[in-house]
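Protein chains in written order, with this note's numbering: chain B, 1 to 116; chain P, 1 to 116. Inspection log for the structure reproduced underneath, given as structure tokens.
There are 2 protein chains.
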Amino acid sequence: MTTATSPRVLAHPTREEIRLENVLHALSDPMRLRVVRDLATAEDDLSCSYFDLPVTKSTTTHHFRVLRENGVIRQIYRGTAKMNGLRRDDLDALFPGLLDSVLAAAAGQADRLGEG
Amino acid sequence: MTTATSPRVLAHPTREEIRLENVLHALSDPMRLRVVRDLATAEDDLSCSYFDLPVTKSTTTHHFRVLRENGVIRQIYRGTAKMNGLRRDDLDALFPGLLDSVLAAAAGQADRLGEG
DNA sequence: GTCAAACTACGAGAGTTTTCGTACAATGGA
DNA sequence: TCCATTGTACGAAAACTCTCGTAGTTTGAC
């Protein structure tokens, strides 16, 4: 029985609503950048619980929401899990090359700092 | 006569100290992104007063400091003016293609939104 | 129906950011 | 020396961010 409380359909910005400043802000947090890097190398969508971030579950929820609300990831429910995927198509269409250069930059920096 | 109060030599992070997250954060503010876009198209360094931002002077000072402290710009005093230049060399060496794709993305978004 | 798993909502604390206004400092001329 | 120009420092307010803990919902399996 549904109580119609929390929306099981999650609000995402449309492609046109995605703003560069917001995307940069979403990517400027180490925790979120780590999530995005993992999603970029994954074949399929990943559940939130796949990520073992060094913060509590409610903080993790917060970071995923920031990524979704700023147009970086797409989230859908599948059973009790919430699956996450990069919005590569939208980001590449809006900002060609941006995501790739951020990912390359993050990889390079991790190398330099010893897989920090 | 010098009173040796505020340092006339400004502290900058070295190339090795520049962090991707910090650069992204510095670029995620509309005011600062606007400054960076102007600096990118300028031939030479530009003074702070060149920019006519819709905020007070002290807020402008704040934004330039954020850009400098996060390694995005280089600032030097020249007379009463403070000259600002993009750290293209360092940024391109650390994060190849990143600055260019951000600048292109910003230009594209400005087009889409009607030079907003 | 009961239960575990996965995630959310809410409230709250600590810290940071953006912005302002006022007062001040440094420089380069007149 | 005096002044205009350029930018800084400081204090403060409002808003936002990151984090947590606790209590809750939704789903799927038993």
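In this text, a Cβ means the ideal position worked out from N, Cα and C, and glycines have one as well. Source: prediction; values computed, not measured.
An exposed status is given to Asp52 (chain P), since fewer than 16 other beta-carbon atoms sit within 10 Å of its beta-carbon.
Taking Pro54 (chain P) as reference, the option from P:Arg32, P:Val72 and P:Gly71 with the minimal CA-CA separation is P:Arg32. Nearest neighbour of Arg37 (chain B) by Cα position, chosen from B:Gln109, B:Arg88, B:Gly114 and B:Leu103, turns out to be B:Leu103. Residues of chain P whose Cβ lies closer than 8 Å to the Cβ of Asp29 (chain B) are, in chain order, Glu21. If you draw a straight line from the Cα of Ala105 (chain P) to the Cα of Phe95 (chain B), it comes to about 5 Å.
Where Arg65 (chain P) is concerned, the enclosing alpha helix (DSSP H) starts and stops at Lys57 to Glu69. Residues of the region 75 to 100 of chain P whose Cβ lies closer than 9 Å to any Cβ of chain B, in chain order: Leu94, Phe95, Pro96, Gly97, Leu98, Leu99 and Asp100. DSSP assignment within the region 72 to 105 of chain P yields the following whole alpha helix (DSSP H) runs of 4 residues or more, N-terminal first: 88 to 94.
Minimum Cα-Cα distance from Asp89 (chain B) among the listed residues B:Ile18, B:Leu10, B:Ile76 and B:Val9 corresponds to B:Ile18. Comparing C-alpha distances from Gln109 (chain B) to each of B:Thr59, B:Pro30 and B:Asn22 shows the shortest one belongs to B:Pro30.
Comparing alpha-carbon positions, the option among P:Leu27, P:Arg78 and P:Phe64 lying closest to Asp100 (chain P) turns out to be P:Leu27.
By the 16-neighbour rule on beta-carbons within 10 angstroms, Arg8 (chain P) is exposed. At a Cβ-Cβ threshold of 7 Å, Leu67 (chain P) and Ile73 (chain P) count as neighbours. One finds Leu98 in chain B with Cβ atoms closer than 7 Å to the Cβ of Val102 (chain P), taken in chain order. The shortest CA-to-CA distance from Ser49 (chain B) to any of B:Thr80, B:Leu86, B:Asn70 and B:Thr14 is the one to B:Thr80.
Apart from sequence neighbours up to five positions away, the residues of its chain that approach Gly85 (chain P) with a beta-carbon distance below 6 Å are Asp45 and Arg74, ordered along the chain. Residue pairing of Ser49 (chain B) in beta bridges, as defined by DSSP: absent, with no partner found. Cβ-Cβ separation between Ser58 (chain B) and Met83 (chain B): approximately 19 Å, too far for a contact (criterion under 8 Å).
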